[in-house]
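Peer 1: Position one of the sequence shown corresponds to residue 1 (the working numbering), numbered consecutively onward.
Here a beta-carbon is modelled for each residue, glycine too, at the ideal position from N, C-alpha and C.
All values derive from a computational prediction rather than experimental measurement.
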Amino acid sequence: MAIKRDKFDFEVGFFQKSPCKNCEKWEKNFPGCESDCEILDKIHGRLAGTISCTKS
Numbered sequence: 001m002a003i004k005r006d007k008f009d010f011e012v013g014f015f016q017k018s019p020c021k022n023c024e025k026w027e028k029n030f031p032g033c034e035s036d037c038e039i040l041d042k043i044h045g046r047l048a049g050t051i052s053c054t055k056s
């Protein structure tokens with residue numbers, strides 16, 4: 001049986017630019033667009049299983 005451990009946030013990766021930067025929906029619907037955004041949903045899902053390496 002494999003041991004599952006949570007990853008630290010720095011092990012998952014980091015952003016080079018905001019995923020909203022080139023989004024067409026952002027210009028028309030910001031700030032209400034984040035609730036329907038598939039890209040942000042994937043990012044949140046990926047980060048939800050990580051351990052923060054900062055104190056905050």
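Could you tell me the alpha carbon to alpha carbon distance between K21 and R46, rounded to whole angstroms?
Peer 2: For the purposes of this step, residue 21 is taken as the residue at position 21 of the sequence shown. For the purposes of this step, residue 46 is taken as the residue at position 46 of the sequence shown. C-alpha separation (whole angstroms): 20 Å.
Peer 1: Going by the CB atoms, is the gap between D6 and I43 shorter than 9 Å?
Peer 2: Taking the sequence shown and counting its residues from 1, the one referred to as residue 43 is at position 43. Taking the sequence shown and counting its residues from 1, the one referred to as residue 6 is at position 6. No.
Peer 1: Cutting at 6 Å between CB atoms, please list the residues of its own chain near P19, excluding the five before and the five after it.
Peer 2: Start at 1 with the first residue of the sequence shown, and residue 19 comes out as number 19. Excluding positions up to five away in sequence, the list reads I39.
Peer 1: With C-beta atoms as the reference, is C53 less than 9 Å away from C37?
Peer 2: Along the sequence shown, one-based indexing puts residue 53 at 53. Along the sequence shown, one-based indexing puts residue 37 at 37. With respect to the 9 Å criterion, C53 and C37 are not classified as neighbours on the basis of their beta carbons.
Peer 1: On the DSSP letters alone, give me the boundaries of the alpha helix (DSSP H) that K42 sits inside.
Peer 2: If you number the sequence shown from 1, residue 42 lands on position 42. Segment 38-48, the alpha helix (DSSP H) holding K42.
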